[in-house]
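Q:
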Amino acid sequence: MAGKGRASVNDMKRVEVLVLMEIDQQTEDNGGPYGFSRKTLAERVGVSPYRARAAIDRLDSEGMIDVVSRYSDDGGQLANGICLTERGEWYLEGVRTGMLVQEMLEDEVVDR
Numbered sequence: 011m012a013g014k015g016r017a018s019v020n021d022m023k024r025v026e027v028l029v030l031m032e033i034d035q036q037t038e039d040n041g042g043p044y045g046f047s048r049k050t051l052a053e054r055v056g057v058s059p060y061r062a063r064a065a066i067d068r069l070d071s072e073g074m075i076d077v078v079s080r081y082s083d084d085g086g087q088l089a090n091g092i093c094l095t096e097r098g099e100w101y102l103e104g105v106r107t108g109m110l111v112q113e114m115l116e117d118e119v120v121d122r
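Dropping the structure here:
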């Protein structure tokens, strides 16, 4: 794997959270599973396609997302769809709650 640097666990988790947030947002905007290309997802999240794919694979293996095959009316293959599972929604809600608490603590320190 020449050219591939080792990422820290914190950095991998950060990318996973960004991917989950993007999937959640796109699913909400489109009313269904997020049909994606890895390149587009990587650009939206700000990482390489390799890192986006690795995050998708980890999230899928952890049961946080479902990756589903999609087809057009004429039977042609479309980009895979991704949606959050119940576990993924629960995890993302916890992350968002933690982010709000962190912001509140930072605001409190500034007010002192």
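Just so you know, the sequence shown maps onto residues 11 to 122 in my numbering.
We put the CB at the ideal spot given by N, CA and C, even for glycine.
By the 10 Å Cβ neighbour count, where 16 or more other Cβ atoms means buried, how is Leu30 classified, buried or exposed?
A: With 16 or more Cβ atoms within 10 Å of its Cβ, Leu30 is classed as buried.
Q: Alpha carbon to alpha carbon, how far is Tyr81 from Gln87? Give it in angstroms, no decimals.
A: 5 Å
Q: Rounded to whole angstroms, what's the CA-CA distance from Ala52 to Val25? Just pull it up for me.
A: 10 Å
Q: If you drop the 5 nearest sequence neighbours on each side, which residues of the same chain put their C-beta closer than 8 Å to that of Asn90?
A: Gly45, Phe46, Val77, Val78, Ser79 and Arg80
Q: Could you check if Leu115 is buried or exposed, using at least 16 other CB atoms within 10 Å of its CB as the buried criterion?
A: exposed
Q: Using a 10 Å radius around the Cβ and a threshold of 16 neighbouring Cβ atoms, would you call Met109 buried or exposed?
A: Its Cβ having fewer than 16 others within 10 Å, Met109 is exposed.
Q: For Met74, tell me which candidate among Glu96, Gly85 and Ser58 has the shortest Cα-Cα distance.
A: Glu96
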